[in-house]
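Q:
Residue numbers (the numbering used here): 67 to 198.
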């Protein structure tokens with residue numbers, strides 16, 4: 067699990083967080099700030115996304131902006147790793163993040179390749195025009 071805040075907050079910074087908590091307008095914000103101060107003073111830091119968090123296919127599809135049907139096809143092909151909990155498929159957050167990053171990199175590579183092909187085609191057209 068990654069931490070948003072490490073253990074490096076000074077006692078003055080922790081006291082600032084506690085003062086902010088005291089002046090919070092809502093109980094929810096007050097409790098949140100007090101929890102942040104408590105975790106920071108104990109040296110634990112504040113956890114962000116858990117690497118072992120899992121998503122259902124519907125949650126994963128919504129998160130990455132595709133249909134659930136298409137996501138199931140990716141799962142069936144093995145393009146996105148999953149595991150079963152009983153009869154249900156689950157996707158680890160770390161696997162979903164890696165898939166999103168690879169998908170983004172592939173899109174950039176494809177756009178660059180199309181750009182190079184257009185440039186090459188334009189250069190060929192210019193050469194042919196020069197020969198005529």
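Virtual Cβ for every residue (Gly too), placed ideally from N, Cα, C.
Just so we're clear, the structure is a prediction, and the values are computed from it rather than from any experiment.
#1: Under 7 Å Cβ to Cβ from residue 119, same chain only, skipping five residues before and after it: list those, please.
#2: Report all residues from its chain with a CB closer than 6 Å to the CB of residue 83; omit the five preceding and five following residues, and keep chain order.
#3: With a CB to CB cut of under 6 Å and the five nearest residues on each side skipped, what residues in its chain are close to residue 75?
#4: Just how far apart, CA to CA, sit residue 180 and residue 187?
#5: Taking the Cβ atom as the reference point for each residue, do residue 157 and residue 124 lie within a distance shorter than 7 Å?
#6: Excluding five sequence neighbours on each side, which residues of the same chain lie with their C-beta closer than 7 Å to the C-beta of residue 163?
#7: Measure the C-alpha to C-alpha separation of residue 121 and residue 108 and round it to an integer number of angstroms.
#8: DSSP three-state call for residue 83: helix, strand or coil?
#9: Is it the case that the Cβ atoms of residue 52 and residue 166 are separated by a distance below 7 Å?
#10: Would you mind giving the Cβ-Cβ distance between residue 141 and residue 148, rounded to the nearest angstrom? I have them listed as a contact below 8 Å.
#11: Could you compute how far the alpha carbon of residue 78 sits from the alpha carbon of residue 182?
A: In brief:
#1: Translated into positions along the chain shown, residue 119 becomes position 53. Within the same chain, Cβ atoms closer than 7 Å to the Cβ of residue 119 are found at 159, the five residues on either side in sequence being excluded.
#2: As a first step, residue 83 must be located in the chain shown, where it is residue number 17. So the list reads 99, 102, 103, once near-sequence residues are dropped.
#3: Position 9 of the chain shown holds residue 75. The answer, listed in chain order, is 106.
#4: Residue 180 sits at position 114 when you count from the first residue of the chain shown. Residue 187 sits at position 121 when you count from the first residue of the chain shown. For the pair residue 180 and residue 187, the Cα-to-Cα distance works out to about 10 Å.
#5: Along the chain shown, read from residue 1 onward, the residue named residue 157 stands at position 91. Along the chain shown, read from residue 1 onward, the residue named residue 124 stands at position 58. No, the Cβ-Cβ distance between residue 157 and residue 124 is not below 7 Å.
#6: If you number the chain shown from 1, residue 163 lands on position 97. Around residue 163, the same chain offers no residue with a beta carbon nearer than 7 Å, after the five sequence neighbours per side are excluded.
#7: Residue 121 sits at position 55 when you count from the first residue of the chain shown. Residue 108 sits at position 42 when you count from the first residue of the chain shown. Straight-line Cα distance between these residues: approximately 30 Å.
#8: Sequence index remark: in the chain shown, residue 83 carries index 17 (1-based). Annotated three-state conformation of residue 83 is helix, per DSSP.
#9: The structure shown does not extend to residue 52, since the chain is modelled only from 67 to 198, so the question has no answer here.
#10: Looking up residue 141 in the chain shown gives position 75. Looking up residue 148 in the chain shown gives position 82. Correct: roughly 5 Å between the Cβ atoms.
#11: Looking up residue 78 in the chain shown gives position 12. Looking up residue 182 in the chain shown gives position 116. Rounded to whole angstroms, the separation of the alpha carbons of residue 182 and residue 78 is 55 Å.
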